[in-house]
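Residue numbers (this note's numbering): 482 to 656.
Just so you know, even glycine gets a beta-carbon here, dropped at the ideal spot from N, CA and C.
Take a look at the structure below.
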């Protein structure tokens, strides 16, 4: 299958934004005496989280969850499934949930609800990309990379049917 692609956010823009987000996260958690845990939502966040964790100076743990609301399609089904839960405990810790993209907000709101029941000290959200025009659930995103129009995008962890995650930029694809 051949797809047309247009670069929306270059690799250089992404790397500059990751550094900027890292600086903001460093400032935010500088005075906290609590342990920091970054929770990546697999699979999309892994590339962003790998770069972001190197930009965060405070020692931190990494943990992952696998959640799904897309299946193999391009539109959220709104049926959020937890496919892999955390390996570690977050009780009393500062939690930073790292997401590749926030679309409707349904998936992330369910994840946050579940994490709150585990008594963390705090929960903040960090996303590389947000599509505010698609939002159905209001979420407070403390650390936001880019806001984009309602387009189907891939690259830098974002995929279409598990493909194109490897691209160093974010591009719009025409299916």
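| Query | Result |
| --- | --- |
| Integer Cβ distance of residue 634 from residue 484, believed to fall under 8 angstroms | Not a contact, Cβ separation roughly 12 angstroms. |
| Which listed residue (534, 530, 518, 538) has its alpha carbon closest to that of residue 568 | 518 |
| Alpha carbon of residue 549 to alpha carbon of residue 620, nearest angstrom | 18 angstroms |
| Residue interval of the alpha helix (DSSP H) (run including residue 500) | 492-510 |
| Contacting residues, own chain, Cβ-Cβ under 6 angstroms from residue 591 (five flanking each side not counted) | 561 |
| 7 angstroms Cβ cutoff met for residue 665 and residue 651 | The requested residue 665 is not part of the displayed model; the chain covers only 482 to 656. |
| Which of helix, strand or coil DSSP assigns to residue 620 | coil |
| Local conformation of residue 615 per DSSP, three classes | helix |
| C-beta atoms of residue 596 and residue 604 nearer than 7 angstroms | yes |
| Own chain partners of residue 529 with C-beta closer than 6 angstroms, once the 5 adjacent residues on each side are dropped | 581, 609, 638 |
| Residue 598 - containing alpha helix (DSSP H), residue span | Per DSSP, residue 598 belongs to no alpha helix (DSSP H) and is neither H nor E. |
| Residue 520 vs residue 593 beta-carbon contact at 7 angstroms | no |
| Per-residue DSSP class, three states only, for residue 644 | strand |
| Closest Cα partner of residue 599 within the set 587, 566, 630 | 566 |
| Host alpha helix (DSSP H) of residue 527 (start-end) | 527-536 |
| CB of residue 523 within 7 angstroms of CB of residue 545, strictly | yes |
| Presumed contact (8 angstroms Cβ cut-off) between residue 575 and residue 516, rounded CB distance | 7 angstroms |
| Test: residue 622 CB closer than 7 angstroms to a CB of chain C | Among the protein chains of the structure shown there is no chain C, as only one such chain exists. |
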